[in-house]
Amino acid sequence: AALPGLLASMPKTELHIHIEGSLEPELIFEIAQRNRVALPYSDFEALRKAYAFTDLQSFLDIYYSGASVLLQEEDFEDMALAYFERAAAEGVVHAEVFFDPQTHTDRGVPFATVINGLTRAADIALTEFGLSASYILCFLRHLSEEAAFATLEQALPYRSRFIGVGLDSSERGHPPSKFERVFARCRELGLHVVAHAGEEGPPAYIEAALDLLKAERIDHGVRCLEDPALVARLARDKVPLTVCPLSNLKLCVVDDIAAHPLRKLLDAGLVVTINSDDPAYFGGYLAANYQQSFAALGLDAGHAWQLARNSIDASFAPEPRKREWR
Ligand code: ADE
Ligand code: ZN
C-alpha cells in the first residue's frame, strides 16, 4: 500500500524525456492562440482524442504537428518549465532532457530561440525546485547525415548549453551507421553520446549504436532480449537502458503492460531505468510509469530502490551530486 507513495517520492533521475513530448494539449492550444497558429482540431479535448497510436510513426506525425506551435523563446521556456514542475513534484532531482532542434529550425525558428528558452527554464528549475537539468541534442534519424552536421554546426556556439547528443525519430530503415561520422565528431567535441535503439528496430541496431556511435546508454533497448549474446554484453559492460513502459504500451511495442519485458531485463542483470519518453502523449509522467509497471509486474520496494539507484548511477551528473541523491 505504501509502494505508490515510495515510487512518487524517492529521489530519482529522468534520463529519457523528449521535451517536445511533454507539451500538453492545453498548452499547445494556449501557445497556438498567442502565436496565431491554426490547428486542425477544434480544441484541446479533440486533440487529445486523436492520441491513439498504432506504432512509432503514427505517434511521430502528431508529435511533430504539436510542436509546430512553438515559435518564441517563451514557448520553449513555458513548455520545459511545466515539465520540470511536474517532475520535481514526483521526486525527480535531476533530468537529462532531449530536444529536437531540427523540428524547429526546419520551420525557420532559430536554434538560439530554442536553446535560450530551454536554458532559462533549466535555470529556474534549479533555483525554484532544486531540480538540476541538462540537455541532450537529438538528431532526427529520418533526415540526412548532412542535415545532422548542419545542425551540429548551428549548435556549436552554444556548446556549453548541452551535455550530449542523441538519435531519435523513425528507427526502422535508419540504422546508426547513417550517423557514424557525425557522432565521431561529437565525441571529439567531448559530448556524451546516447541513441535510441531496439525500440522498433532489431537488436543489430543496438550493437551498431554501441560499436559505431559508442553510445554510453541505449534509449529503449527492449528488443535486446531477442539476442542472448547482446544481453550478456549489455550486462557485462553495465550499459544502461532507458526503458519507457507506457510509451511501449501506447506505441504497441508491447500488447499489455503485464507483458512488458522490464522484469526480464532486471532479472538479466541489466542497468535498467524507468522513464516517461513523451508523457503528454502516453498518458503518464514518471511516477505513473513506475506505478503502472510495478502493479502489473508485481515489483516490490527492493526493485524500486534498485531502479532509483540505477537512474542516478546511469546519469551524467558529477559524482559528488550523485552521492547526495543516493
Ligand atoms: N521522438 C520522441 N519520442 C520518440 C521515441 N519514443 N522514439 C523515437 N523518437 C522519438
Ligand atoms: Zn524517446
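Residue numbers (the numbering used here): 85 to 410.
Backbone N, C-alpha and C fix where the C-beta goes; we use that ideal spot for every residue, glycine too.
query: What did DSSP end up calling A134 once you bin it into helix, strand or coil?
result: For this step, residue 134 is matched to residue 50 along the sequence shown. A134 falls in the coil class under three-state DSSP.
message: Taking 6 Å as the cut-off, is the C-beta of D361 nearer than that to any heavy atom in the ligand ZN?
response: Along the sequence shown, read from residue 1 onward, the residue named residue 361 stands at position 277. Correct: D361 has its Cβ closer than 6 Å to the ligand ZN.
- request: Spell out the partners DSSP gives Y219 in its beta bridges.
  value: Translated into the one-based positions of the sequence shown, residue 219 becomes position 135. V181.
query: Just the Cα atoms here: how many angstroms apart are C328 and A122?
result: Position 244 of the sequence shown, counting from 1, holds the residue named residue 328. Position 38 of the sequence shown, counting from 1, holds the residue named residue 122. About 32 Å.
message: My output table needs one value for V278: the three-state DSSP class, helix, strand or coil.
response: Reading the sequence shown from its first residue, position 194 is the one you call residue 278. Correct three-state label for V278: strand.
query: Is the beta carbon of D303 sitting closer than 7 Å to the one on H102?
result: For this step, residue 303 is matched to residue 219 along the sequence shown. For this step, residue 102 is matched to residue 18 along the sequence shown. It is not a contact, given that the beta carbons lie outside the stated cut-off.
query: Within 10 angstroms of its Cβ, does G257 collect 16 or more other Cβ (buried), or is it exposed?
result: Start at 1 with the first residue of the sequence shown, and residue 257 comes out as number 173. Counting the other CB atoms within 10 Å of its CB gives G257 a total below 16, which places it among the exposed residues.
- request: Would you kindly report the start and end of the unbroken beta strand (DSSP E) that includes I358?
  value: If you number the sequence shown from 1, residue 358 lands on position 274. Start and end: V356 to I358.
query: Between Y167 and the rest of its own chain, which residues show a CB-CB distance below 6 Å, the 5 nearest in sequence each way excluded?
result: Working through the sequence shown from its first residue, we reach residue 167 at position 83. Answer for Y167: S106, listed in chain order.
message: Which residue marks the beginning of the beta strand (DSSP E) containing I302, and which one marks its end?
response: For the purposes of this step, residue 302 is identified with residue 218 of the sequence shown, where counting begins at 1. That run of the beta strand (DSSP E) goes R301 to H304.
query: Going by other Cβ atoms of all chains shown within 10 Å of its Cβ, with 16 needed for buried, is R410 buried or exposed?
result: Looking up residue 410 in the sequence shown gives position 326. Counting of Cβ neighbours within 10 angstroms places R410 among the exposed residues, the total staying below 16.
query: Who pairs with Y102 in a beta bridge, going by DSSP?
result: For the purposes of this step, residue 102 is taken as residue 18 along the sequence shown, with counting starting at 1. Sequence inspection shows His at residue 102; the Tyr mentioned does not correspond to that position. BP columns for H102 point to F182.
task: Flag H102 as yes when its Cβ comes closer than 6 Å to any non-hydrogen atom of the ligand ADE, and as no otherwise.
output: On the sequence shown, residue 102 is found 18 positions in, with the first residue counted as 1. Closer than 6 Å to some heavy atom of the ligand ADE: that describes the Cβ of H102.
task: Compare the C-alpha of L411 against each of Q390, G353 and G175 and name the closest.
output: Residue 411 lies beyond the range of the chain shown here (85 to 410); nothing can be said about it.
- prompt: Would a C-beta distance cut-off of 7 Å place Q375 and P88 closer than the cut-off?
  reply: Within the sequence shown, the letter at position 291 stands for residue 375. Within the sequence shown, the letter at position 4 stands for residue 88. A contact, by the Cβ cut-off of 7 Å.
query: What first and last residue would you give for the alpha helix (DSSP H) that runs through L325?
result: Position 241 of the sequence shown holds residue 325. Where L325 is concerned, there is no enclosing alpha helix (DSSP H), although the beta strand (DSSP E) it sits in stretches over L325 to V327.
- prompt: How many angstroms separate the CA atom of A171 from the CA atom of S254?
  reply: Residue 171 sits at position 87 when you count from the first residue of the sequence shown. Residue 254 sits at position 170 when you count from the first residue of the sequence shown. Spanning the two alpha carbons is a distance of roughly 27 Å.
- prompt: Whose CA, out of K96, L383, Q156 and E114, lies closest to the CA of G192?
  reply: Reading the sequence shown from its first residue, position 108 is the one you call residue 192. Checked all of K96, L383, Q156 and E114; the closest Cα to G192 is Q156.
task: Measure the Cβ-Cβ separation of V198 and F233 and say whether it is below 7 Å.
output: The sequence position of residue 198 within the sequence shown is 114, counting from 1. The sequence position of residue 233 within the sequence shown is 149, counting from 1. Not closer than 7 Å, so no.
Environment of T357 [buried if 16+ CB atoms lie within 10 Å]: Mapped onto the sequence shown, residue 357 falls at position 273. Answer is buried; the Cβ neighbour count reaches 16.
message: Quick check: does the Cβ of D139 come within less than 6 Å of any heavy atom belonging to the ligand ADE?
response: Counting from one through the sequence shown, the residue named residue 139 turns up at place 55. No, the ligand ADE has no heavy atom inside 6 Å of this Cβ.
task: Measure the alpha-carbon distance for G274 versus E158 and round it to whole angstroms.
output: On the sequence shown, residue 274 is found 190 positions in, with the first residue counted as 1. On the sequence shown, residue 158 is found 74 positions in, with the first residue counted as 1. Roughly 30 Å between the two C-alpha positions.
query: DSSP puts T97 in a beta bridge; with which residues?
result: What you label residue 97 is simply residue 13 of the sequence shown in a count that begins at 1. In DSSP, T97 forms a bridge with H178.
- prompt: Per DSSP, what kind of secondary structure is G150 in: helix, strand or coil?
  reply: The residue given as residue 150 occupies position 66 in the sequence shown. Secondary structure at G150: helix, using DSSP grouped into helix, strand and coil.
query: Thinking just about the alpha-carbon of each residue, which of V337, E169, F137 and P185 is nearest to the one in S152?
result: Position 68 of the sequence shown holds residue 152. Cα-wise, what sits closest to S152 is P185.
message: If the criterion is Cβ atoms closer than 7 Å, does the pair A239 and L210 meet it?
response: Looking up residue 239 in the sequence shown gives position 155. Looking up residue 210 in the sequence shown gives position 126. Not in contact: A239 and L210 (Cβ atoms no closer than 7 Å).
message: As a quick exercise: from R271, A343, S377 and P345, pick the residue whose alpha carbon is nearest that of L236.
response: If you number the sequence shown from 1, residue 236 lands on position 152. Selected option, being the one with the closest Cα: R271.
- prompt: Between the C-alpha atoms of E98 and R118, what's the straight-line distance to the nearest angstrom?
  reply: If you number the sequence shown from 1, residue 98 lands on position 14. If you number the sequence shown from 1, residue 118 lands on position 34. Approximately 31 Å, taken between the alpha carbons.
field: Separation of D384 from L140, as counted between CA atoms
entry: Taking the first residue of the sequence shown as 1, we reach residue 140 at position 56. Taking the first residue of the sequence shown as 1, we reach residue 384 at position 300. The straight-line gap from Cα to Cα measures roughly 30 Å.
- prompt: Nearest-angstrom Cα distance between L90 and T326?
  reply: Stepping through the sequence shown from its first residue, residue 90 is reached at position 6. Stepping through the sequence shown from its first residue, residue 326 is reached at position 242. For L90 and T326, the distance between alpha carbons rounds to 20 Å.
message: Please report the straight-line C-alpha distance between S399 and A217, rounded to a whole angstrom.
response: What you label residue 399 is simply residue 315 of the sequence shown in a count that begins at 1. What you label residue 217 is simply residue 133 of the sequence shown in a count that begins at 1. In this structure, the alpha-carbon of S399 lies about 11 Å from that of A217.
query: On the premise that V315 lies in contact with A352, defined as a C-beta separation below 8 Å, what is that separation, rounded to the nearest angstrom?
result: Translated into positions along the sequence shown, residue 352 becomes position 268. Translated into positions along the sequence shown, residue 315 becomes position 231. Indeed, because the Cβ distance is near 5 Å, the residues count as touching under 8 Å.
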